[in-house]
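Chemist:
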Amino acid sequence: MSESSMLPAAMASATSGLISRLLTHPLDTAKARLQAPTGNIYKGTFDVLLQTSRAEGALALYRGFGAIVVGGTPGTMAYLCSYEYFRDEMSRYSKQREEEQKTSIPEAAIHFSSGMLAEIIACIVYVPVDVIKERLQVQRTSPVKLDGKISGNSGNGSHNQYKGSLDALQKILKCEGLGGIYKGYAATLASFGPYSALYFVFYERMKDMSRSILGRDDENNTDDSTTINANTTLPFLHTIGCSATAGAAASWLTSPLDMAKLRLQIQRGQASSSTTTTTKNYSGMVECLADVYKLNGIQGFFRGAGARVIHFVPATTVMMTCYEQLQPFYSSMISSS
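Below, the structure is given as structure tokens:
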């Protein structure tokens, strides 16, 4: 990524991240509640949306959104800009090796590694945001039935434990220290690292297929203005199709890891609360996944997978489509100013 393209990329990533989160946050809340230990009280994604709206009001679906706006925006900027930087640098190195008649790096490996590295950097910002957001999302304003018992615990430790994003941040730091904010960093990386890696492998492959289908890179095409190369922005509908397909595949495959990550993040709130909880605490992802398998089998791994796909497909589609379309817009705006 050149210095001239860095500012447009940063502006495009910030804008796309905000638009995406605003439109899809209720779906993320539904996913979080389905994957929480109390998720068996719901029939599915739309049942969560309906029950939550009826019992707590529509705004309950936007719990944790403040943390997303403040922390998620720079996280998205770090994520997308880092990916482009690593992808371009690895591609340049691979091309150099090829010119030296050495073995080049496969494109899939470049995209996989770049996605993983981008997630490592972004998680420094994302994890605290994720911890706050998910504890607020699984918090309810009324007690729920868990294992046949009425419990004030709603998945995060207590009934109405946090008043908002700032209150959650202050209480977590006070009761749990910095470790509470970064609870589940390894689990988050183990969940979103593979997701990002697979997403960009699928996304870049789908973009290559779109270019091939369009036929604009045909050698017989003499109209340079319509020729599409690796640096050309694809048409709007093609970008939507590429990002939606990649998002669906990557989110479904990594859903078990996301569920384990969420349970690890919200259990710290249970331990720091005075409210008695009937849910089990886990020492790590392996124990969590083993326990889920013991109780519910393979099907248990994919509890909330539909909600994850329903959330990630529009979220990644909106984010990547806006990002791809806004970069040339911001570049043009900056160059003309």
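Note that the working numbering has the sequence shown beginning at 18, numbered continuously upward. For every residue, glycine included, the Cβ atom is placed at its ideal position computed from N, Cα and C. Owing to the predicted nature of the structure, the values given are computational and were not obtained by experimental measurement.
Using 7 Å as the threshold, is the C-beta distance between S182 and I138 below it?
Modeler: The answer is no: Cβ separation not under 7 Å.
Chemist: Could you tell me the alpha carbon to alpha carbon distance between S300 and L281, rounded to whole angstroms?
Modeler: S300 and L281: Cα-Cα distance of roughly 8 Å.
Chemist: When burial is assigned at 16 or more other CB atoms within 10 Å of the CB, is L51 buried or exposed?
Modeler: Its Cβ being crowded by 16 or more others within 10 Å, L51 is buried.
Chemist: Could you give the distance in angstroms between the alpha-carbon of L190 and the alpha-carbon of A84?
Modeler: Spanning the two alpha carbons is a distance of roughly 15 Å.
Chemist: List, from N- to C-terminal side, the beta strand (DSSP E) runs of 3 residues or more that fit wholly inside the segment 50 to 103.
Modeler: If we require 3 residues or more, the segment 50 to 103 turns out to have no beta strand (DSSP E) run fully inside it.
Chemist: Once DSSP output is grouped into helix, strand and coil, what is the label at Q178?
Modeler: Note: Q178 maps to coil in three-state DSSP.
Chemist: Hey, which unbroken runs of the alpha helix (DSSP H) at 4 residues or more fall wholly within the segment 104 to 135?
Modeler: For the segment 104 to 135, not a single whole alpha helix (DSSP H) run of length 4 or above is found.
Chemist: Which of helix, strand or coil does DSSP assign to N359?
Modeler: Residue 359 falls outside the range modelled here, since the chain spans only 18 to 354, and no answer is possible.
Chemist: Could you please give the first and the last residue of the uninterrupted alpha helix (DSSP H) stretch that includes K224?
Modeler: It spans 202 to 231 - the alpha helix (DSSP H) in which K224 sits, taken as one unbroken run.
Chemist: Going along the chain, which residues of its own chain have a beta-carbon closer than 6 Å to the beta-carbon of N173, five neighbours each way excluded?
Modeler: With a pLDDT of 43 at N173, under the threshold of 50, the modelled position of this residue cannot be trusted; read the value that follows with caution. R152, V155, Q156, I283, G286, listed in sequence order.
Chemist: Identify, in the order they occur along the chain, each residue of the same chain with its Cβ nearer than 6 Å to the Cβ of Y216, setting aside the five sequence neighbours on each side.
Modeler: Only A263, A267 meet the Cβ criterion.
Chemist: Of the choices F253, T41, S33, whose alpha-carbon is the least far from that of A324?
Modeler: Cα-wise, what sits closest to A324 is T41.
Chemist: Return the residue from the list L251, F329, D275, S213 that minimises the CA-CA distance to A265.
Modeler: Per the Cα distances, F329.
Chemist: Does DSSP put K191 in a helix, in a strand, or in coil?
Modeler: K191: helix per DSSP, three-state reduction.
Chemist: Taking Cβ to Cβ, would you say F219 is nearer than 7 Å to E136?
Modeler: Taking 7 Å as the Cβ cut-off, F219 and E136 do not qualify as a contacting pair.
Chemist: In three-state terms, what does DSSP make of L320?
Modeler: With the sequence shown as reference, residue 320 is identified as Arg, and Leu is not the correct amino acid for it. Residue state, collapsed to three classes: coil.
Chemist: Looking at the structure shown, is Q156 part of a helix, part of a strand, or coil, going by DSSP?
Modeler: If DSSP states are grouped into helix, strand and coil, Q156 belongs with coil.
Chemist: Report all residues from its chain with a CB closer than 7 Å to the CB of R222; omit the five preceding and five following residues, and keep chain order.
Modeler: If we look at R222 and ignore the five residues flanking it on each side, it has no Cβ neighbours.
Chemist: Report the rounded CA-to-CA distance for I327 versus G197, giving the unit in angstroms.
Modeler: Approximately 29 Å between the Cα atoms of the pair.
Chemist: DSSP three-state label for S348, please.
Modeler: Helix at S348.
Chemist: Helix, strand or coil for K297, going by three-state DSSP, please let me know.
Modeler: The answer is coil: DSSP assigns K297 none of H, G, I, E or B.
Chemist: Helix, strand or coil: how does DSSP classify P252 here?
Modeler: Coil.
Chemist: With DSSP as the reference, label S354 as helix, strand or coil.
Modeler: Coil, per DSSP.
Chemist: Pick out whichever of L66, F63, A77, L97 has its Cα sitting closest to the Cα of A27.
Modeler: The shortest C-alpha separation from A27 is found at L97.
Chemist: In chain order, what residues of the same chain have a beta carbon less than 6 Å from the beta carbon of G317, not counting five sequence neighbours either side?
Modeler: Around G317: V309.
Chemist: Looking at C-beta atoms only, is the number of pairs between the segment 140 to 147 and the segment 75 to 91 that lie closer than 8 Å three or more?
Modeler: At 8 Å Cβ cutoff, the stretches touch.
Chemist: Which of the three DSSP states is assigned to D164 in this structure?
Modeler: Here D164 scores only 46 on pLDDT, less than 50, and its place in the model should not be relied on; the value that follows carries that caveat. In this structure, D164 counts as coil in the three-state DSSP scheme.
Chemist: Please go through the same chain and pick out, in chain order, the residues whose beta-carbon is closer than 7 Å to the beta-carbon of K224, but skip the five residues on each side of it.
Modeler: Excluding residues within five positions, the ones whose Cβ falls inside 7 Å are L251, C259.
Chemist: State the Cα-Cα distance for the pair E117 and Y110, rounded to the nearest angstrom.
Modeler: Their Cα atoms are separated by approximately 11 Å.
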